[in-house]
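Below you'll find the structure, written out as structure tokens, and then a few comments.
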Amino acid sequence: MTSQIFSPDVEQVLDLAGIFVFALSGGLLAIRKNFDVFGIAVLAEATALGGGVLRDVLIGAIPPAAFTNLGYFVTPLVATLVVFFLHPEVARINLTVQTLDALGLGLFCVTGTAKAHDYGLGVVASIALGMLTAVGGGVIRDVLAMETPSLLRWDRSLYAVPSLVGSTLTALLISIDRLNTLTGSTAALLAFVFRMLALRYNWRAPRAWHRGSSNTGEH
Amino acid sequence: MTSQIFSPDVEQVLDLAGIFVFALSGGLLAIRKNFDVFGIAVLAEATALGGGVLRDVLIGAIPPAAFTNLGYFVTPLVATLVVFFLHPEVARINLTVQTLDALGLGLFCVTGTAKAHDYGLGVVASIALGMLTAVGGGVIRDVLAMETPSLLRWDRSLYAVPSLVGSTLTALLISIDRLNTLTGSTAALLAFVFRMLALRYNWRAPRAWHRGSSNTGEH
Amino acid sequence: MTSQIFSPDVEQVLDLAGIFVFALSGGLLAIRKNFDVFGIAVLAEATALGGGVLRDVLIGAIPPAAFTNLGYFVTPLVATLVVFFLHPEVARINLTVQTLDALGLGLFCVTGTAKAHDYGLGVVASIALGMLTAVGGGVIRDVLAMETPSLLRWDRSLYAVPSLVGSTLTALLISIDRLNTLTGSTAALLAFVFRMLALRYNWRAPRAWHRGSSNTGEH
Numbered sequence: 141m142t143s144q145i146f147s148p149d150v151e152q153v154l155d156l157a158g159i160f161v162f163a164l165s166g167g168l169l170a171i172r173k174n175f176d177v178f179g180i181a182v183l184a185e186a187t188a189l190g191g192g193v194l195r196d197v198l199i200g201a202i203p204p205a206a207f208t209n210l211g212y213f214v215t216p217l218v219a220t221l222v223v224f225f226l227h228p229e230v231a232r233i234n235l236t237v238q239t240l241d242a243l244g245l246g247l248f249c250v251t252g253t254a255k256a257h258d259y260g261l262g263v264v265a266s267i268a269l270g271m272l273t274a275v276g277g278g279v280i281r282d283v284l285a286m287e288t289p290s291l292l293r294w295d296r297s298l299y300a301v302p303s304l305v306g307s308t309l310t311a312l313l314i315s316i317d318r319l320n321t322l323t324g325s326t327a328a329l330l331a332f333v334f335r336m337l338a339l340r341y342n343w344r345a346p347r348a349w350h351r352g353s354s355n356t357g358e359h
Numbered sequence: 141m142t143s144q145i146f147s148p149d150v151e152q153v154l155d156l157a158g159i160f161v162f163a164l165s166g167g168l169l170a171i172r173k174n175f176d177v178f179g180i181a182v183l184a185e186a187t188a189l190g191g192g193v194l195r196d197v198l199i200g201a202i203p204p205a206a207f208t209n210l211g212y213f214v215t216p217l218v219a220t221l222v223v224f225f226l227h228p229e230v231a232r233i234n235l236t237v238q239t240l241d242a243l244g245l246g247l248f249c250v251t252g253t254a255k256a257h258d259y260g261l262g263v264v265a266s267i268a269l270g271m272l273t274a275v276g277g278g279v280i281r282d283v284l285a286m287e288t289p290s291l292l293r294w295d296r297s298l299y300a301v302p303s304l305v306g307s308t309l310t311a312l313l314i315s316i317d318r319l320n321t322l323t324g325s326t327a328a329l330l331a332f333v334f335r336m337l338a339l340r341y342n343w344r345a346p347r348a349w350h351r352g353s354s355n356t357g358e359h
Numbered sequence: 141m142t143s144q145i146f147s148p149d150v151e152q153v154l155d156l157a158g159i160f161v162f163a164l165s166g167g168l169l170a171i172r173k174n175f176d177v178f179g180i181a182v183l184a185e186a187t188a189l190g191g192g193v194l195r196d197v198l199i200g201a202i203p204p205a206a207f208t209n210l211g212y213f214v215t216p217l218v219a220t221l222v223v224f225f226l227h228p229e230v231a232r233i234n235l236t237v238q239t240l241d242a243l244g245l246g247l248f249c250v251t252g253t254a255k256a257h258d259y260g261l262g263v264v265a266s267i268a269l270g271m272l273t274a275v276g277g278g279v280i281r282d283v284l285a286m287e288t289p290s291l292l293r294w295d296r297s298l299y300a301v302p303s304l305v306g307s308t309l310t311a312l313l314i315s316i317d318r319l320n321t322l323t324g325s326t327a328a329l330l331a332f333v334f335r336m337l338a339l340r341y342n343w344r345a346p347r348a349w350h351r352g353s354s355n356t357g358e359h
């Protein structure tokens, strides 16, 4: 099992931390959309677990880990309580939340790629599924809240590319048989740093050529 | 098989009744959105079968029951014809439709929880999948019609909580080995009554604290 | 394997052609929505592969063909480059794109129905899954871009019906044991011609009865 990049205990702690911050982002959007407390919980669960569930369904890891590991399911409920009672405070520490979210992004693209490879998928498919693990929950979050997925929007800083970098590095490490705690952590850290730089300097991807400058946003 | 709460014939009749009323709610929304007759059929099918299909995919019951039981597939088409020709009449008996919908909610959260447990899932996961069976189709309906899922909205009466009650009771009954026709029906009835009371008295769940009273709905 | 309607090489070429044009339609919508280049790629992939992935998940063909055949995954990326650099030209040849899209529709409803039957599904379920293969990607495309699915809209020419015709013919051919290259191509061509006629003469399906003429579109 190459997917055991970290010791089981370490991986569990990292996973739960990533799930917690993804759930926070879902909960905060739910509050912004004026959903009730159950809507907050549903959006927190869907955001935190959606990417991993999609990956598990596509690779045949049934039932998905989200339904066999009680901690995965309960953590978003804790995040729901936190944002329910403390959302002005959580929103105020936006930079902290975004930093943690970037950590989750880095972690999940690495572990997602490794798990897909463990289930027999090829290099390119494993990269794609690693990215899906990292970004899928956010897309589900936005669709459920009737928002254009921020993953797709031009006016948001890069999110797909950092996960692409982390997933690709992981796939390369697997193919040269060098994925371990040190190299896996490095791949996750690079994706994390890339995302933080994109946030800090507001890096964006280009839109299609020939567009007039009058196109200043999405309609 | 604990999922055989009712005799097969009774379960089939109840299932088809639940599917029929869920399909009605999908069809009525499609008409309100001005979709054509095929759009009505697609939304009726997705609403009626979506929750069960999601559950079956997640627990590994492949192909999903919706694709192996012809009655499950044909019933939403009958509902499509009914709303197509009689939608003013169907809309006028809104209370009847909501009552039947509440019956479907109660039934599906119980049978969904039992089926998930049959496939080896744990208590909490079975509860979650029972709820998903009951409310998943409605979420798919709303997303396809580009409406904010009514499940999430503050200004709709409780829908998730009755299914949570029914699913939790079912999981408790399973864990003390007491799920049978009588107790299963009681759990479904309690969920149904809870939902009807929520409708009657417009019970709502709280939104997050500290919100000003100027927040009067979703934007 | 009845699904081998065409020789493997021919089927691969046809599949890639269909995937390419479906990806073009996703990419063009992404540009219209002002997404960045990664958003274009995501929408191209989701549109081109979404229907087949849904079918494969539902019939238990795991991992889906989209994740085992490298050409399936790379083709939408090529389409992304094409629309990124040439989108005014691509949009100008709209009739060509719609013609190719109709070819993809015809092809995928036939091969999707055959594959579902190969995996043991019944006649009606195979028809439904053939239609899902043909139209599923377009629905995912529209939902991700926050557009009402054009499949459902009254003010768009028929799309579901041609795929229903192609799928039903294929299922009939299978049930009389007469599905081969010639008959399969004929079923695909009939679906294609039907779709082209619907486009040319702007055929629409009826909306529900009793609607006043003041309903002139969807809001």
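Chains as they are written, first to last, in the working numbering: chain A, 141 to 359; chain B, 141 to 359; chain C, 141 to 359.
The beta-carbon is built from N, C-alpha and C at its ideal position, and this holds for glycine as well.
These numbers were taken from a predicted model, which means no experiment stands behind them.
Residue i - partner residues in DSSP beta bridges
{"i": "R293 of chain A", "result": "C:F175"}
{"i": "A347 of chain C", "result": "The amino acid at residue 347 of chain C is misidentified as Ala; the sequence shows Arg. Answer by DSSP bridge pairing, in chain order: B:D176."}
8 Å contact criterion, which residue i and residue j should meet: CB distance rounded
{"i": "L362 of chain C", "j": "V279 of chain C", "result": "Lying outside 141 to 359, the shown extent of chain C, residue 362 of chain C is not represented and no answer is given."}
{"i": "N332 of chain A", "j": "L243 of chain A", "result": "Before going on, a small fix: residue 332 of chain A reads as Phe here, not Asn. Yes, they are in contact, since the Cβ atoms of F332 of chain A and L243 of chain A sit about 6 Å apart, within 8 Å."}
{"i": "G200 of chain B", "j": "I199 of chain A", "result": "Contact doesn't hold; Cβ gap of about 13 Å is too wide."}
{"i": "G311 of chain B", "j": "V275 of chain B", "result": "The sequence given here places Ala at residue 311 of chain B; Gly does not occur at that position. Contact doesn't hold; Cβ gap of about 16 Å is too wide."}
{"i": "W86 of chain A", "j": "R335 of chain A", "result": "Summary: the structure shown does not reach residue 86 of chain A, with chain A confined to residues 141 through 359, and so no result is reported for it."}
{"i": "G277 of chain C", "j": "G191 of chain C", "result": "4 Å"}
{"i": "I145 of chain B", "j": "T321 of chain B", "result": "6 Å"}
{"i": "N342 of chain C", "j": "S297 of chain C", "result": "5 Å"}
{"i": "R172 of chain A", "j": "G252 of chain A", "result": "The Cβ separation is near 27 Å, so there is no contact."}
{"i": "P204 of chain C", "j": "V193 of chain C", "result": "5 Å"}
{"i": "F207 of chain A", "j": "A265 of chain B", "result": "4 Å"}
{"i": "L430 of chain A", "j": "H227 of chain A", "result": "Outside the shown range of chain A (141 to 359) lies residue 430 of chain A, about which nothing can therefore be said."}
{"i": "G166 of chain A", "j": "V250 of chain A", "result": "About 22 Å; that fails the 8 Å criterion."}
{"i": "R361 of chain C", "j": "A186 of chain C", "result": "Summary: the structure shown does not reach residue 361 of chain C, with chain C confined to residues 141 through 359, and so no result is reported for it."}
{"i": "V197 of chain B", "j": "V197 of chain C", "result": "6 Å"}
Examine the Cβ distances between the region 301-308 of chain B and the region 283-292 of chain B and report whether three or more of them are shorter than 8 Å. no
Under 8 Å (Cβ pairs) to chain B, residues found in the region 165-179 of chain A: A170, I171, K173, N174, F175, D176, V177, F178 and G179
For the region 287-298 of chain A, list every residue whose C-beta sits within 9 Å of some C-beta in chain C, in sequence order. E287, T288, P289, L291, L292, R293, W294, D295, R296 and L298
Would the region 173-180 of chain B count as touching the region 210-224 of chain B if we require 3 or more Cβ pairs under 8 Å? yes
When Cβ atoms are compared, which residues of the region 149-160 of chain A fall closer than 9 Å to chain B? none
Counting beta carbon pairs with one atom in the region 322-337 of chain C and one in the region 207-217 of chain B, are three or more of them shorter than 8 Å? no
Indicate whether the contact test is met: 3 or more Cβ pairs, each with one atom in the region 156-163 of chain C and one in the region 230-244 of chain C, closer than 8 Å. yes
At least 3 beta-carbon pairs within less than 8 Å: the region 246-265 of chain A vs the region 313-321 of chain A: yes
Chain C contacts made by the region 178-200 of chain A, where a contact means CB separation under 7 Å: V197, L198, I199 and G200
Residues in the region 205-219 of chain B with C-beta within 9 Å of chain C's C-beta atoms, listed in sequence order? A206, F207, T208, L210, F213 and V214
Ignoring anything shorter than 3 residues or poking outside the region 219-258 of chain A, list the beta strand (DSSP E) runs there in chain order. none
Unbroken stretches of the beta strand (DSSP E), 3 residues or longer, contained in the region 278-344 of chain B: none
Can you list, in chain order, the residues of the region 252-265 of chain A whose Cβ is nearer than 8 Å to any Cβ on chain C? Y259, G260, L261, G262, V264 and A265
Quick one, which residues of the region 273-287 of chain A are near chain C if we go by CB-CB under 8 Å, in chain order? V279, V283, M286 and E287
Can you give me, in chain order, the residues of the region 299-322 of chain A that have a beta carbon less than 9 Å from any beta carbon in chain C? Y299, A300, V301 and L304
Report the residues of the region 223-249 of chain C with a CB closer than 8 Å to any CB of chain A, ordered along the chain. V223, F224, F225, H227 and P228
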